[in-house]
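S.K.:
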Amino acid sequence: FFFFFGRRSASLQFYYHIIFFALFPFISKMRFAAAISLTSASMAVAFSPSSFIGGRNIKATKSCSTLDMKYTVAVVGGGPSGACAAEIFAQEKGIDTYIFERKMDNAKPCGGAIPLCMIGEFDLPETVVDRKVRKMKLISPKNVEVDIGETLAPDEYIGMCRREILDQFLRNRAIEYGAKPINGLVTSVDVPEDHKFSDSQYTINYQEYVDGSNAGVPKSLKVDLIVGADGANSRVAKAMDAGEYNFAIAFQERIKISDDKMKFYEEMAEMYVGDDVSPDFYGWVFPKYDHVGVGTGTVVNRPAIKQYQKAIRDRAGDKIAGGKIIKVEAHPIPENYRPRRVQGRIALVGDAAGYVTKCSGEGIYFAAKSGRMAAQEIVKLMNGGSRLPTQAQIEETYIKKYDRAYGPTYAVLDILQKVFYSNNGAREAFVELCNSKYVQKVTFDSYLYKKVQGNNPLEDLKLLGETIGCLIRGYSGAKPDAEFSNPVESLKRL
Numbered sequence: 003f004f005f006f007f008g009r010r011s012a013s014l015q016f017y018y019h020i021i022f023f024a025l026f027p028f029i030s031k032m033r034f035a036a037a038i039s040l041t042s043a044s045m046a047v048a049f050s051p052s053s054f055i056g057g058r059n060i061k062a063t064k065s066c067s068t069l070d071m072k073y074t075v076a077v078v079g080g081g082p083s084g085a086c087a088a089e090i091f092a093q094e095k096g097i098d099t100y101i102f103e104r105k106m107d108n109a110k111p112c113g114g115a116i117p118l119c120m121i122g123e124f125d126l127p128e129t130v131v132d133r134k135v136r137k138m139k140l141i142s143p144k145n146v147e148v149d150i151g152e153t154l155a156p157d158e159y160i161g162m163c164r165r166e167i168l169d170q171f172l173r174n175r176a177i178e179y180g181a182k183p184i185n186g187l188v189t190s191v192d193v194p195e196d197h198k199f200s201d202s203q204y205t206i207n208y209q210e211y212v213d214g215s216n217a218g219v220p221k222s223l224k225v226d227l228i229v230g231a232d233g234a235n236s237r238v239a240k241a242m243d244a245g246e247y248n249f250a251i252a253f254q255e256r257i258k259i260s261d262d263k264m265k266f267y268e269e270m271a272e273m274y275v276g277d278d279v280s281p282d283f284y285g286w287v288f289p290k291y292d293h294v295g296v297g298t299g300t301v302v303n304r305p306a307i308k309q310y311q312k313a314i315r316d317r318a319g320d321k322i323a324g325g326k327i328i329k330v331e332a333h334p335i336p337e338n339y340r341p342r343r344v345q346g347r348i349a350l351v352g353d354a355a356g357y358v359t360k361c362s363g364e365g366i367y368f369a370a371k372s373g374r375m376a377a378q379e380i381v382k383l384m385n386g387g388s389r390l391p392t393q394a395q396i397e398e399t400y401i402k403k404y405d406r407a408y409g410p411t412y413a414v415l416d417i418l419q420k421v422f423y424s425n426n427g428a429r430e431a432f433v434e435l436c437n438s439k440y441v442q443k444v445t446f447d448s449y450l451y452k453k454v455q456g457n458n459p460l461e462d463l464k465l466l467g468e469t470i471g472c473l474i475r476g477y478s479g480a481k482p483d484a485e486f487s488n489p490v491e492s493l494k495r496l
């Protein structure tokens with residue numbers, strides 16, 4: 003793996019990210035430096051929006067008689083991606099911003115880990131962080147444990163949050179800036195045939211809900227631009243013919259355990275690997291405010307998700323014994339980009355766009371990042387609300403910048419999942435390798451601050467030898483993976 007991308011510095015960055023992203027589930031992906039030149043070039047070709055969608059560079063500009071009118075932007079979805087997009091739009095005087103969310107107290111099943119840099123970058127108060135994780139146990143298929151976290155400074159940590167708390171904070175901030183909230187379920191979007199080449203408006207059809215009533219009132223709203231932030235089952239994506247993608251099922255139980263048992267998880271998270279908890283993912287125990295989140299996920303054998311969930315509870319054993327399940331959650335998670343992320347004046351962000359990595363399954367940071375990035379680029383194109391952007395302009399700005407910044411990360415993590423989650427031998431090797439303090443330091447620093455840190459040639463050479471040894475030992479003593487087959491269900495796409 004060291005020489006996969008040709009240059010030593012690039013290959014080392016690739017190697018460090020392999021360790022960290024498999025190590026910390028649901029954490030934000032690394033922003034690779036320009037060093038991974040081969041991957042960047044291939045991703046630019048593979049994910050270039052212009053290779054999927056054509057577009058004419060036609061501007062729709064307000065006439066003098068309509069300068070006092072505002073363009074209307076609808077953000078569909080009130081999670082991190084939607085809230086961060088709405089916050090940017092709402093600060094523009096020439097734009098009316100609406101944000102749709104069906105469940106204002108939504109608790110998406112999610113590990114809930116966020117990097118330290120996200121606290122500052124998105125100006126998050128520490129009240130959204132339930133626990134500050136400074137230690138972690140990585141547990142192999144044979145229950146070999148590796149303790150991780152000794153290299154962290156006293157003020158460094160991984161933030162653990164509940165999505166209902168984080169999402170509400172971000173959404174409320176967007177509303178405070180002026181976004182108009184609609185508690186409603188978008189049922190369909192009417193897309194004009196000429197929307198790619200004109201300023202024809204879209205019609206959003208939705209059911210609006212009021213407190214105390216489960217019955218929605220049918221309504222519609224005319225808008226000039228739509229940001230689809232409505233998750234893996236995005237109705238905006240379907241309306242714009244964004245194409246299908248493969249998906250994982252994430253399953254999590256929130257388990258209330260005794261105060262004595264909770265002390266163990268005060269600053270501790272656990273990650274379990276093995277084909278018993280997932281044939282292509284991992285199981286986790288993450289601490290929350292007054293409970294733990296226990297879960298797993300899989301792409302290749304979704305019908306067996308409850309079997310894998312039972313296995314992760316069994317592996318955790320006495321540490322969660324006697325606990326009460328207070329909430330059961332399940333949700334699809336995209337495995338790759340949508341084929342088309344922009345059509346006309348409709349742009350996808352977050353899970354709707356497919357911005358969740360393989361191997362780590364992380365999406366929070368990049369949901370927020372993509373929402374903010376898309377809105378910032380579109381606002382610039384709208385020039386103070388004086389004109390509408392074209393499809394080609396959105397592709398040239400938001401899409402190209404996002405892919406340039408993070409495309410290599412998705413490619414590397416795809417490779418990583420195939421390598422380290424493919425069988426128990428590779429999983430055993432991975433756990434042993436993570437015992438290296440050098441690996442822990444470099445990868446923790448890289449993750450926490452979104453920069454690749456350190457470059458010690460001597461330690462790098464030693465690490466290469468350790469990697470080879472770990473792989474040999476891992477494959478020699480590992481138990482065979484269980485066989486399974488689900489040829490029909492595995493073909494389903496969202």
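Okay, so the sequence shown: first residue is 3 according to the numbering used here, each after it adds one. Glycine included, C-beta positions come from ideal geometry on N, C-alpha and C.
(1) Secondary structure at residue 252, three-state DSSP: helix, strand or coil?
(2) In the DSSP assignment, what residue or residues form a beta bridge with residue 103?
(3) For residue 340, tell me which candidate among 346, 136, 402 and 350 has the shortest Cα-Cα distance.
(4) Taking DSSP's pairing of strands, which residues face residue 274 in a bridge?
(5) Three-state secondary structure (DSSP) at residue 371?
(6) Using 10 angstroms around the beta-carbon of residue 160, count the other beta-carbons present and answer buried if the total reaches 16, otherwise exposed.
(7) Determine whether the beta carbon atoms of residue 473 and residue 431 lie at a separation below 7 Å.
(8) Apart from the five residues on each side of it in sequence, which residues of its chain come closer than 6 Å, Cβ to Cβ, to residue 451?
(9) Using CA coordinates, which residue listed in 301, 294, 428 and 385 is at the minimum distance from residue 263?
(10) Quick check on the burial criterion: 16 or more other C-beta atoms within 10 angstroms. Buried or exposed for residue 284?
(11) Is it buried or exposed, residue 83, if we count other Cβ atoms within 10 angstroms and call 16 or more buried?
(12) Residue 271 and residue 138 look like a contact to me (Cβ under 8 Å); what is the Cβ gap, rounded to whole Å?
(13) For residue 239, which residues from the same chain have a beta carbon less than 7 Å from its beta carbon, with the 5 sequence-adjacent residues on both sides left out?
(14) For residue 428, count neighbouring Cβ atoms within 10 angstroms of its own Cβ and tell me buried if that reaches 16, exposed if not.
(15) Pick out whichever of 376, 132 and 408 has its Cα sitting closest to the Cα of residue 395.
(16) Mapping DSSP to helix, strand and coil, what is residue 342?
(17) Given a threshold of 16 other Cβ atoms within 10 Å of its Cβ, counted over all protein chains shown, does residue 268 qualify as buried or as exposed?
(18) For the structure I just gave you, are there three or more beta carbon pairs, one from the segment 154 to 169 and one from the segment 315 to 325, closer than 8 Å?
(19) DSSP on residue 478, reduced to helix/strand/coil?
(20) Contact check, residue 191 vs residue 228 under 8 Å by CB: the rounded distance?
(21) Look at the alpha carbon of residue 204 and the alpha carbon of residue 281, and state the distance between them as a whole number of angstroms.
(22) Could you round the C-beta distance between residue 226 and residue 347 to whole angstroms and report it? I think they count as a contact, below 8 Å.
(23) I need the boundaries of the alpha helix (DSSP H) containing residue 427, first residue and last residue.
(24) Out of 122, 251, 207 and 330, state which residue places its alpha-carbon closest to the alpha-carbon of residue 241.
(25) Would residue 305 and residue 249 qualify as a contact pair, given that the criterion is a beta-carbon distance under 7 Å?
(26) Could you check the C-alpha separation between residue 480 and residue 426 for me, to the nearest Å?
(27) Have a look at 235, 150 and 173 and flag the residue whose alpha-carbon is nearest the alpha-carbon of residue 2.
(28) Rounded to whole angstroms, how far is the Cβ of residue 334 from the Cβ of residue 162, which I believe are closer than 8 Å?
(29) For residue 41, does the count of other Cβ atoms within 10 angstroms reach 16, so buried, or fall short, so exposed?
M.R.: The answer reads as follows:
(1) Here residue 252 refers to the residue found at position 250 of the sequence shown. DSSP places residue 252 within a strand segment (E or B) once states are collapsed to three.
(2) Position 101 of the sequence shown, counted from the start, is the residue given in the question as residue 103. Answer is none; residue 103 lacks a bridge partner.
(3) Within the sequence shown, residue 340 is the residue found at index 338, counting from 1. With distances taken between Cα atoms, residue 340 lies closest to 350.
(4) Against the sequence shown, residue 274 aligns to sequence position 272. DSSP output for residue 274 lists 141 and 285 as bridge partner(s).
(5) Translated into positions along the sequence shown, residue 371 becomes position 369. Residue 371: helix per DSSP, three-state reduction.
(6) As a working note, residue 160 is residue 158 in the sequence shown. Answer is buried; the Cβ neighbour count reaches 16.
(7) Residue numbering aside, residue 473 sits at position 471 when the sequence shown is read from its first letter. Residue numbering aside, residue 431 sits at position 429 when the sequence shown is read from its first letter. In contact: residue 473 and residue 431 (Cβ atoms closer than 7 Å).
(8) Here residue 451 is taken as the residue at index 449 of the sequence shown, counted from 1. Correct list, in chain order: 119.
(9) Numbered from its first residue, the sequence shown carries residue 263 at position 261. Closest option to residue 263, judged by alpha-carbon separation, among 301, 294, 428 and 385: 294.
(10) Stepping through the sequence shown from its first residue, residue 284 is reached at position 282. Looking at its Cβ environment, which holds 16 or more other Cβ atoms inside 10 Å, residue 284 is buried.
(11) In the sequence shown, residue 83 corresponds to position 81, counting from 1. Residue 83 should be labelled buried.
(12) Locating residue 271 in the sequence shown gives position 269, counting from the first residue. Locating residue 138 in the sequence shown gives position 136, counting from the first residue. Between residue 271 and residue 138 a beta carbon distance of about 5 Å is seen, short of the 8 Å cut, so the two are scored as contacting.
(13) As a first step, residue 239 is located in the sequence shown; it is residue number 237 there, counting from the start. Cβ within range, chain order: 230, 340, 350 and 354.
(14) Residue numbering aside, residue 428 sits at position 426 when the sequence shown is read from its first letter. Residue 428 is buried by the Cβ-count criterion.
(15) As a working mapping, residue 395 is identified with position 393 in the sequence shown. The residue with the shortest Cα to Cα distance from residue 395 is 376.
(16) What you label residue 342 is simply residue 340 of the sequence shown in a count that begins at 1. It is coil, neither helix nor strand.
(17) Indexing the sequence shown from 1 puts residue 268 at position 266. So residue 268 counts as exposed.
(18) Result no; under three Cβ-Cβ pairs closer than 8 Å.
(19) Position 476 of the sequence shown, counted from the first residue, corresponds to residue 478. Correct three-state label for residue 478: helix.
(20) Translated into the one-based positions of the sequence shown, residue 191 becomes position 189. Translated into the one-based positions of the sequence shown, residue 228 becomes position 226. About 7 Å separates the two Cβ atoms, so the contact holds.
(21) If you number the sequence shown from 1, residue 204 lands on position 202. If you number the sequence shown from 1, residue 281 lands on position 279. One C-alpha to the other measures close to 43 Å.
(22) Numbered from its first residue, the sequence shown carries residue 226 at position 224. Numbered from its first residue, the sequence shown carries residue 347 at position 345. Going by Cβ atoms, the distance from residue 226 to residue 347 rounds to 7 Å, so yes, they are a contact pair.
(23) Working through the sequence shown from its first residue, we reach residue 427 at position 425. Judged by DSSP secondary structure, residue 427 falls within the alpha helix (DSSP H) whose first and last residues are 426 to 435.
(24) Translated into positions along the sequence shown, residue 241 becomes position 239. Scanning 122, 251, 207 and 330 for the CA closest to the CA of residue 241 turns up 207.
(25) Working through the sequence shown from its first residue, we reach residue 305 at position 303. Working through the sequence shown from its first residue, we reach residue 249 at position 247. In terms of Cβ geometry, residue 305 and residue 249 do not form a close pair [threshold 7 Å].
(26) Locating residue 480 in the sequence shown gives position 478, counting from the first residue. Locating residue 426 in the sequence shown gives position 424, counting from the first residue. Spanning the alpha carbons of residue 480 and residue 426 requires a straight line of approximately 6 Å.
(27) With the chain represented from 3 up to 496, any question about residue 2 goes unanswered, as that position is not in the structure.
(28) By one-based count along the sequence shown, residue 334 stands at place 332. By one-based count along the sequence shown, residue 162 stands at place 160. About 22 Å separates the Cβ atoms of residue 334 and residue 162, ruling out a contact at the 8 Å cut-off.
(29) By 1-based counting over the sequence shown, the position of residue 41 is 39. With a pLDDT of 37 at residue 41, under the threshold of 50, the modelled position of this residue cannot be trusted, and the question is left open.
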